[in-house]
Amino acid sequence: MRSSPPRRSTRTRRPSTRPSPGDPRTKDTVTMNRMLRLTAALAIGVLLGSAGVASAPLTSPAVAAETPVQSVIRITNEHRAANGRRALAPEQSLNNMAQAWANHMSSVNRMEHSTNAWRTSKASPGYSLCCGENIAYGYTGAGAVVKGWMGSTGHRANILDTRYTHIGVGYAAKGNFWVQVFATYPNTAITSSVPRLSGDSRVGKIITTSPGSWGPRGVTLSYSWYVDGVRIPGARGERHLILASQAGKRLTSKVTGTYGGKTVTRTSKPTPVIAR
Numbered sequence: 349m350r351s352s353p354p355r356r357s358t359r360t361r362r363p364s365t366r367p368s369p370g371d372p373r374t375k376d377t378v379t380m381n382r383m384l385r386l387t388a389a390l391a392i393g394v395l396l397g398s399a400g401v402a403s404a405p406l407t408s409p410a411v412a413a414e415t416p417v418q419s420v421i422r423i424t425n426e427h428r429a430a431n432g433r434r435a436l437a438p439e440q441s442l443n444n445m446a447q448a449w450a451n452h453m454s455s456v457n458r459m460e461h462s463t464n465a466w467r468t469s470k471a472s473p474g475y476s477l478c479c480g481e482n483i484a485y486g487y488t489g490a491g492a493v494v495k496g497w498m499g500s501t502g503h504r505a506n507i508l509d510t511r512y513t514h515i516g517v518g519y520a521a522k523g524n525f526w527v528q529v530f531a532t533y534p535n536t537a538i539t540s541s542v543p544r545l546s547g548d549s550r551v552g553k554i555i556t557t558s559p560g561s562w563g564p565r566g567v568t569l570s571y572s573w574y575v576d577g578v579r580i581p582g583a584r585g586e587r588h589l590i591l592a593s594q595a596g597k598r599l600t601s602k603v604t605g606t607y608g609g610k611t612v613t614r615t616s617k618p619t620p621v622i623a624r
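Note that the working numbering has the sequence shown beginning at 349, numbered continuously upward.
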């Protein structure tokens with residue numbers, strides 16, 4: 349193996365219910381050396397074929413304290429803007445999905461696609477199209493990996509697809525594994541209510557959050573608790589057991605609804621002062 353092999357990248361086809369080509373369930377696992385040769389040859393062929401028509405590289409001001417994930421999203425949106433596309437909005441479940449798959453590839457030291465079934469199971473509800481995927485490894489920077497993707501017809505098609513509205517990105521430093529995922533979430537507003545607290549406001553008693561009415565159907569709710577405005581670590585359920593350390597203070601609960609790549613948070617009125 350050469351000390352500096354060519355850059356490698358690959359992509360999925362358009363979203364489908366069939367397992368992606370790199371899914372280990374569809375073929376025998378190949379060795380890393382063999383995959384290096386195959387993916388490098390593919391990447392070289394693509395790059396040579398497009399070299400004569402390459403456009404001038406995009407430039408942008410340096411961004412301080414930007415993570416690799418943030419850089420990929422920014423540069424991707426710069427390419428979309430240059431091609432008349434709207435920007436993609438980051439979406440947390442897509443980011444989590446992409447990071448999980450980057451970590452997986454890093455742990456097995458092999459580049460392979462996730463399945464569309466796996467991706468749809470990880471995406472927050474409300475999507476109308478899910479989920480395209482680009483993957484790559486060996487690139488040491490966000491600019492380089494996006495440039496590699498844009499130099500490949502299939503990857504470029506995912507990046508510039510006008511149907512997509514949201515993006516998630518993952519990066520694993522060990523092996524420099526990169527993942528982009530794309531999805532479409534309709535512009536559906538979340539309807540919400542102010543949560544209400546009920547129960548005895550004394551130490552050792554339980555306070556319960558009633559979230560009220562939320563929509564549309566399929567919205568996911570999560571809970572957090574605060575004592576005098578400070579978040580209580582680990583308090584994430586609808587119910588909260590009042591601790592002795594919370595005597596003389598007031599509790600509030602926040603309910604966050606997630607749907608269609610959007611989030612809405614509502615806060616309850618505080619409890620009476622907690623008594624012993």
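Don't be surprised by glycine CBs; every beta carbon is placed ideally from N, CA and C. Bear in mind the structure is a predicted one, so any value in this text is a computation, not a measurement.
Verify whether the separation of the beta carbon atoms of Ser316 and Val542 is less than 9 Å. Lying outside 349 to 624, the shown extent of the chain, residue 316 is not represented and no answer is given.
Taking C-beta to C-beta, are Gly496 and Ala505 nearer than 9 Å? Translated into the one-based positions of the sequence shown, residue 496 becomes position 148. Translated into the one-based positions of the sequence shown, residue 505 becomes position 157. Contact flag unset, no.
Where Asn425 sits in the DSSP three-state scheme: To locate residue 425, count along the sequence shown from 1; it is residue 77. Judged by DSSP in its simplified three-state form, Asn425 adopts helix.
Closest by CA to Thr604, which one among Ser593, Glu586, Gly552? Here residue 604 is taken as the residue at index 256 of the sequence shown, counted from 1. Nearest C-alpha to Thr604: Glu586.
Exposed or buried, Arg382, counting other C-beta atoms within 10 Å across all chains shown (16 or more means buried)? Looking up residue 382 in the sequence shown gives position 34. Unreliable placement is indicated for Arg382, whose pLDDT of 30 sits below 50; the coordinate value is still reported in the next sentence. Burial check for Arg382: the Cβ neighbour count within 10 Å stays below 16, so the residue is exposed.
Cβ pair Gly523, Ser454 closer than 9 Å: Residue numbering aside, residue 523 sits at position 175 when the sequence shown is read from its first letter. Residue numbering aside, residue 454 sits at position 106 when the sequence shown is read from its first letter. In this structure, Ser454 lies closer than 9 Å to Gly523 by Cβ.
Run through the DSSP bridge pairs and tell me what Lys470 is partnered with. In the sequence shown, residue 470 corresponds to position 122, counting from 1. Listed as beta-bridge partners of Lys470 by DSSP are no residues whatsoever.
Give me, in chain order, the residues of the same chain whose beta-carbon lies closer than 7 Å to that of Thr619; leave out the 5 immediate sequence neighbours on both sides. In the sequence shown, counting from the first residue as 1, residue 619 sits at position 271. Closer than 7 Å at Cβ, skipping near neighbours: Leu545, Ser549, Ile555, Arg598, Leu599.
Between which two residues does the alpha helix (DSSP H) containing Thr501 stretch? Residue 501 sits at position 153 when you count from the first residue of the sequence shown. Here the alpha helix (DSSP H) through Thr501 covers 501-508.
Could you check whether the Cβ of Arg511 sits closer than 8 Å to any heavy atom belonging to the ligand GDP? With respect to the ligand GDP, the structure shown offers nothing to examine, as it has no ligands at all.
Give me the DSSP bridge partner(s) of Ile580. As a first step, residue 580 must be located in the sequence shown, where it is residue number 232. Ile580 pairs with nothing; no bridge assigned.
So, with DSSP's three-state summary, where would you put Gly560? On the sequence shown, residue 560 is found 212 positions in, with the first residue counted as 1. When DSSP states are grouped into helix, strand and coil, Gly560 belongs to the coil group.
Flag this pair as yes or no: are the beta carbons of Gly608 and Pro534 separated by less than 9 Å? Taking the sequence shown and counting its residues from 1, one reaches residue 608 at position 260. Taking the sequence shown and counting its residues from 1, one reaches residue 534 at position 186. For Gly608 and Pro534, yes; Cβs fall inside 9 Å.
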